[in-house]
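Counting with numbering that gives the first Met the number 0, you get residues 0 to 230 for the letters of the sequence shown. Here a beta-carbon is modelled for each residue, glycine too, at the ideal position from N, C-alpha and C.
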Amino acid sequence: MHQTYNAAMEINLLHANQEGADHNRAHFDEWGITCLNIMSSPGAGKTVLLEKTLATLQDKLSIAVIEGDMTTELDANRLRQYNVPVIPINTGRSCHLDSKMVAGGIHTLQQKYNPNNIDLVLVENVGNLVCPAEFEVGEHAKVALLSVTEGEDKPLKYPVMFQQADCLLITKIDLVPYLNIDLERIVSNVRQINPDVTIFSVSATTEVGLDLWFYWLSTQVKHRKYTSSCF
Ligand SMILES: Nc1nc2c(ncn2[C@@H]2O[C@H](COP(=O)(O)OP(=O)(O)O)[C@@H](O)[C@H]2O)c(=O)[nH]1
Ligand SMILES: [Mg+2]
Numbered sequence: 000m001h002q003t004y005n006a007a008m009e010i011n012l013l014h015a016n017q018e019g020a021d022h023n024r025a026h027f028d029e030w031g032i033t034c035l036n037i038m039s040s041p042g043a044g045k046t047v048l049l050e051k052t053l054a055t056l057q058d059k060l061s062i063a064v065i066e067g068d069m070t071t072e073l074d075a076n077r078l079r080q081y082n083v084p085v086i087p088i089n090t091g092r093s094c095h096l097d098s099k100m101v102a103g104g105i106h107t108l109q110q111k112y113n114p115n116n117i118d119l120v121l122v123e124n125v126g127n128l129v130c131p132a133e134f135e136v137g138e139h140a141k142v143a144l145l146s147v148t149e150g151e152d153k154p155l156k157y158p159v160m161f162q163q164a165d166c167l168l169i170t171k172i173d174l175v176p177y178l179n180i181d182l183e184r185i186v187s188n189v190r191q192i193n194p195d196v197t198i199f200s201v202s203a204t205t206e207v208g209l210d211l212w213f214y215w216l217s218t219q220v221k222h223r224k225y226t227s228s229c230f
């Protein structure tokens with residue numbers, strides 16, 4: 000009985016979140032913004048990837064960041080150095096962003112900036128390989144990161160994240176020579192869960208593979224308001 004009640008509550012919660020996510024996406028669509036939800040366990044390299052992405056693409060695309068963190072603005076401050084709109088959201092005890100929190104971020108975006116001038120909103124989710132995959136925020140695509148230091152088995156142990164991802168970045172490949180890790184095994188484990196996901200192996204340190212990520216990212220952007228061609 001208790002279990003049934005909990006399951007019903009969870010279904011209601013996810014349903015309400017989904018409605019909010021659809022509402023957020025409708026706003027993004029109205030403004031011609033593409034939104035990507037970037038997820039991984041803590042430390043896989045989301046913020047460094049965003050730093051590299053802003054440094055490379057901010058002249059070509061108008062980018063804003065919604066930065067989810069449980070308590071601090073440390074990541075938001077790192078990204079503010081790139082002079083793009085950065086909207087921090089502290090989730091408190093919650094281990095993921097939800098659509099209501101992101102709706103608050105969208106409201107701030109609307110008040111402080113002109114969303115019609117923005118091409119791309121990158122959402123850095125809270126570091127967690129489980130819950131963020133269950134809670135859509137209004138994104139058009141999901142990007143998951145898995146660093147080579149996390150082990151080959153993680154796609155099998157945390158399948159929802161890898162099932163949901165449209166794009167997977169295997170990060171920190173500069174560290175492969177120092178680890179007992181099989182990159183091909185990571186890829187085949189991911190393919191078991193999600194045969195169609197786009198996979199790139201990258202290093203933010205050496206910048207290997209980042210050009211493919213930038214290209215994929217540019218293909219996701221539906222409306223470019225400032226430049227007629229990005230690449
Ligand atoms: N060796 C190596 N370290 C990286 C790479 N990308 C990120 N890091 C390091 O990993 C740590 C966590 O990165 P961060 O971007 O903060 O991860 P986040 O928690 O997912 O946002 C930092 O010390 C980064 O310098 C990479 O490609 N290679
Ligand atoms: Mg971060």
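At a threshold of 7 Å, residue 123 counts as near ligand 2, since its beta carbon sits closer than that to one of the ligand's heavy atoms. Nearest Cα to residue 149 within the set 121, 136, 168 and 134: 168. Membership of residue 141 in the beta strand (DSSP E) is indicated by the continuous run 140-146.
Residue burial is scored here from C-beta neighbours: residue 76 has fewer than 16 other C-beta atoms within 10 angstroms and is therefore classed as exposed.
Fully enclosed beta strand (DSSP E) runs of no fewer than 3 residues occupy 62-68 and 85-89 of the stretch 46-120, in order along the chain.
In the same chain as residue 193, and ignoring 5 residues on each side of it, the C-beta atoms closer than 7 Å to its own belong to 161, 162 and 164, in chain order. Between the stretch 91-104 and the stretch 116-135, the count of C-beta pairs closer than 8 Å reaches three or more; the two stretches touch. Cβ contact annotation for residue 40 (same chain, cutoff 7 Å, sequence separation greater than five): 126, 127, 128 and 149, in chain order.
Looking at the DSSP output, residue 36 bridges to 122 and 141.
For residue 185, the uninterrupted alpha helix (DSSP H) segment begins and ends at 182-192.
Relative to ligand 2, residue 90 has its C-beta separated by 7 Å or more from all heavy atoms. In this structure, residue 175 keeps its C-beta atom at 8 Å or more from the C-beta atom of residue 207.
In the DSSP secondary-structure assignment, residue 198 is bridged to 167.
Taking a contact as a CB-CB distance under 8 Å, the pair residue 120 and residue 65 counts as one, their CB atoms being some 6 Å apart. With 16 or more other Cβ atoms from the protein chains shown falling within 10 Å of its own Cβ, residue 104 counts as buried. For residue 170, the distance from the CB to the nearest heavy atom of ligand 1 is below 7 Å. Selection 138, 137, 191 and 136 evaluated against residue 152 yields 191 as nearest (Cα-Cα). Three or more beta-carbon pairs separated by less than 8 Å are not found between the stretch 42-52 and the stretch 19-32, which leaves the two stretches without contact.
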